[in-house]
Each structure stands twice: as structure tokens, then as C-alpha cells.
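In the working numbering, the protein residues as written are 558 to 954.
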């Protein structure tokens with residue numbers, strides 16, 4: 558079987574596409590190309606690579622793998638997730654307008670409100686779970702709708718097919734941060750979304766040891782525009798990080814499924830806990846958009862006996878800000894840290910950590926309360942993680 562063919566399964570392509578055997582040595586793991594420059598065949602004659610900002614064989618391998626997994630015409634690997642989002646905003650001009658979700662990562666919020674505004678780009682935040690709210694927010698200057706497949710931190714679900722149809726009907730680009738979803742569970746390009754972004758630092762790398770971001774598109778002209786921006790501004794992924802993320806992709810399918818199973822178990826356990834006010838996890842039937850999540854995720858996991866909804870959980874405690882902070886500082890297996898998506902579990906308080914860039918009144922307006930805790934569920938034993946949380950809860954009970 559040729560693993561590059563469409564009928565090869567996701568996890569097969571993740572291992573083989575872009576990771577072809579090195580023809581000079583037979584090595585099954587491609588070498589890492591650290592070269593910053595490449596000898597050319599002649600003056601004014603250009604080889605495949607000339608300078609590592611413009612292209613690097615190791616980065617090309619990663620981009621080739623990811624393009625296959627995303628069902629994309631092409632992908633680009635950046636030095637961070639924020640660099641990838643910034644490249645998308647550089648498609649815009651002064652006077653343009655962006656409609657973005659209220660449930661988005663704090664770094665994206667900061668970029669839109671404190672950097673893009675300097676270029677005369679206006680941003681309007683709306684509840685993207687309400688399609689009419691998105692449509693009502695669109696003006697004749699709107700050029701981009703930006704949302705997250707699973708919102709951070711309130712775990713809202715974007716109706717990606719409906720948003721894609723709306724954007725296309727208005728001649729507007731649609732972009733989705735699919736970091737929480739991963740291409741193993743959800744592929745927004747299949748629903749008609751124009752641009753898919755990942756903080757590759759998270760699930761794609763999967764081991765908390767590298768920094769990176771990616772963009773995937775299905776239109777070659779759009780890819781060329783984004784490549785021009787990346788090459789002109791220089792926020793490219795280095796060879797070592799490209800190698801580490803390529804290695805992480807080989808186990809992504811297995812990791813995210815096991816992490817999702819543990820997350821569902823923990824979410825149900827938390828929902829029954831007397832100290833917990835509410836649990837936000839799309840795999841729970843109590844989630845307001847569970848049916849939509851089941852439809853979207855189930856459609857892209859048709860051969861699975863169970864549908865997986867990712868490994869991020871947000872919950873609210875019946876506790877004060879100080880008590881919530883104490884819980885977050887009392888876990889042992891859950892590391893108190895920002896970031897997510899790795900093999901080790903993490904715990905954080907959005908109000909003071911991942912979303913601290915929001916003004917207090919903006920956090921309150923968007924439901925980011927002081928009592929929220931966000932979990933990134935890793936690959937530890939589910940029972941050990943429950944015990945760890947119970948021990949932390951005991952610190953305030």
C-alpha cells in the first residue's frame with residue numbers, strides 16, 4: 558500500500574507520509590537538516606532550497622505530513638501558534654473588520670485587541686454558537702471570521718459547516734483554531750473552512766518539549782499568499798522543532814483517543830462531585846452543544862466504536878478565587894502550568910493564567926469566572942488523576 562494514497566488510514570499516513578526512507582542511507586527516520594543556506598547550481602539558478610527561512614527539508618517533511626492529515630493542498634509551519642495567527646491577520650488591511658468568538662485563547666484576544674488595532678483593523682467579538690449573531694456582526698468591511706472548534710476555556714462548539722457556508726456566501730475568509738480538536742478528531746477544511754490553525758506546541762508535538770504553530774489551507778492561491786507573508790516576515794519553524802513535531806504526529810492518533818477516554822471519565826466523575834458547580838466538556842450529555850459536537854466529531858470518526866471529544870475539561874468549583882488557586886497549587890500529578898495537550902496532565906486557573914490578558918470586566922462579560930479551572934488530561938492512569946484531584950479538593954473542604 559502506498560501510504561500517500563487517500564485510502565491509507567490517518568495513523569498510517571502520520572507515520573509514513575513526509576517521513577520517507579532516506580535514499581542515501583536507508584535510515585527510516587529522515588535526517589534533521591540544520592543548514593541555514595544551500596549551495597546553488599549556478600548564479601541566478603535556484604535549487605529546491607536556497608535559504609532556510611524560505612524552505613528547509615525538515616520543515617518540508619512536517620508540512621507534507623500535516624497536509625495529508627488535514628486533507629489540505631498545503632500547510633505552513635511557524636515558530637509559534639501566535640505567529641501563525643498573526644500571519645492570518647496580515648492578510649488584512651487597515652480598515653478591515655474581523656468577527657471573532659468570545660470563547661478564544663487569551664493570546665489571540667490580546668493580538669486582536671492590542672496589536673491588530675494598531676493597524677486600523679477593527680474586531681467584534683460575538684457568541685459564535687449563535688449563527689445569527691455572527692451574521693448580524695458582519696459589515697461591508699468584514700474580511701475574516703475567526704473561531705475555535707472547541708472554545709478556550711468555556712468549551713463552546715462552533716458549527717463549522719454553517720460558519721463556512723455563511724462566510725462563503727459573504728465572500729469572507731473563515732479561520733479556525735483547531736488546537737483542542739486536533740486533525741485526528743476533526744478536520745475543519747472538510748467542512749469548507751478556509752484556514753485551520755494549530756498551536757503545534759500542544760497535541761501535535763505532544764511532549765511539552767517544543768514550540769510551534771501551523772496553518773493548513775485547501776486553496777493554493779491562499780497558500781501562496783500566506784507563504785509570501787511567512788517568508789517576508791520570517792516566523793518559520795526551526796529544524797529541531799520540526800523534527801520533534803513530526804515525531805509527535807506519529808503517535809497523535811493513539812494519544813488523543815486515550816486522553817479523550819480519560820477526559821470523559823474524569824468529566825463524569827467531576828460532575829458528580831459535591832464541590833463542583835458545573836463541568837464543561839462536549840462529551841457530556843449535559844453540555845449545551847453535545848448534540849452538535851456528536852454530529853461534527855462523529856462524522857469524522859465514522860469507524861470508531863465511540864466518539865472522542867478531546868482531552869480538555871473546564872469546570873467551576875463552589876469556591877472563591879483564593880480557594881480555586883489553592884486547589885490548583887495542591888495537585889501533584891496535574892502540573893500547575895499553562896499550555897496543554899501533552900502526555901503529562903496540567904491544571905490552571907484561566908482568570909489568572911491563560912486568560913489574564915483579558916481585562917477583568919471582559920473576563921466577566923465572557924464567562925471566564927474566578928471559579929473556573931481548566932484541565933489538560935494527559936496519559937496517566939485515570940484512577941491516579943481522580944485521586945490527585947480529590948486530594949487537592951480536600952485542601953479547601
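Cβ coordinates follow ideal geometry from the N, Cα and C atoms, glycine included.
Predicted model only: the values in this text are computed from it and were never measured.
Return the first residue and the last residue of the beta strand (DSSP E) that residue 871 is part of. 869 to 874
Sequence ranges, alpha helix (DSSP H) only - wholly within the region 872 to 917, length at least 4
878 to 887
Per-residue burial, residue 754 [other beta carbons within 10 Å of its own, 16 or more giving buried]
buried
_Same chain only: Cβ atoms within 7 Å of residue 579, ignoring 5 sequence neighbours per side_ = 587 and 588
**Message:** Taking its Cβ as the centre, do 16 or more other Cβ atoms sit within 10 Å of residue 652, making it buried, or is it exposed?
**Reply:** exposed
task: Classify residue 704 as helix, strand or coil using the three-state DSSP reduction.
output: strand
Less than 8 Å between the CB atoms is what I'm expecting for residue 635 and residue 629, so what's the real figure, rounded?
Actually they are not in contact, since the Cβ atoms of residue 635 and residue 629 sit about 15 Å apart, beyond 8 Å.
### Message
Using 8 Å as the threshold, is the C-beta distance between residue 902 and residue 935 below it?
### Response
yes
Extent of the continuous beta strand (DSSP E) to which residue 834 belongs:
833 to 837
Item to check | Nearest residue (CA-CA) to residue 656, options 681, 780, 756 and 896 | outcome: 681
DSSP three-state call for residue 565: helix, strand or coil? coil
request  = Sort 870, 792, 839 and 829 by Cα distance to residue 610 and report the nearest one.
outcome  = 792
Which residues does DSSP pair with residue 658 in a beta bridge? 683
Look up residue 956 in the DSSP assignment and say whether it is helix, strand or coil.
Residue 956 lies beyond the range of the chain shown here (558 to 954); nothing can be said about it.
query: If you draw a straight line from the C-alpha of residue 927 to the C-alpha of residue 711, how long is it?
result: 13 Å
| Between which two residues does the beta strand (DSSP E) harbouring residue 733 extend? | 730 to 734
* To do: Using three-state DSSP, classify residue 570 as helix, strand or coil.
  => helix
Using a Cβ-Cβ distance under 8 Å, would residue 748 count as near chain D?
You won't find chain D in this structure, because it holds only one protein chain.
Just confirm the distance between the C-beta atoms of residue 762 and residue 802, as a whole number of angstroms; I'd bet it's less than 8 Å. 5 Å
Quickly, what does DSSP pair residue 635 with across the bridge? List them, please. 770 and 793
- Touch check for the region 724 to 737 and the region 693 to 709: three-plus C-beta pairs under 8 Å? yes
Cα separation between residue 743 and residue 857?
6 Å
| said: Do residue 638 and residue 971 have their beta-carbon atoms positioned less than 8 Å apart in this structure? | reply: With the chain covering 558 to 954 only, the question about residue 971 has no answer from this structure.
Subject >> Beta bridge counterpart(s) of residue 608 as assigned by DSSP >> reply: 594
Worksheet item: Would DSSP call residue 855 helix, strand or coil?
Response: helix
Examine the Cβ distances between the region 869 to 877 and the region 829 to 836 and report whether three or more of them are shorter than 8 Å. yes
- Kindly list the residues whose CB is nearer than 6 Å to the CB of residue 805, restricted to its own chain and excluding five residues on each side of it in sequence; keep chain order. 761, 762 and 763
Could you tell me the distance, in whole angstroms, from the CA atom of residue 654 to the CA atom of residue 907?
27 Å
For residue 932, which residues does DSSP report across the bridge? 870 and 904
Point to revise | Helix, strand or coil at residue 947 according to DSSP, with G and I counted as helix | key: helix
Residue 797, buried or exposed, once every other Cβ within 10 Å from all chains shown has been counted against 16: exposed
Residue nearest to residue 887 in terms of C-alpha spacing, selected from 855, 770, 948 and 615 | 948
Start-to-end residues for the beta strand (DSSP E) that takes in residue 752: 752 to 756
To the nearest angstrom, how far is the alpha carbon of residue 952 from that of residue 912?
25 Å
Review point. Which class does residue 926 belong to by DSSP, given the choice of helix, strand or coil?
Key: coil
Margin query: Applying the 10 Å Cβ sphere with the 16-neighbour rule, what's the burial state of residue 720?
Written below: buried
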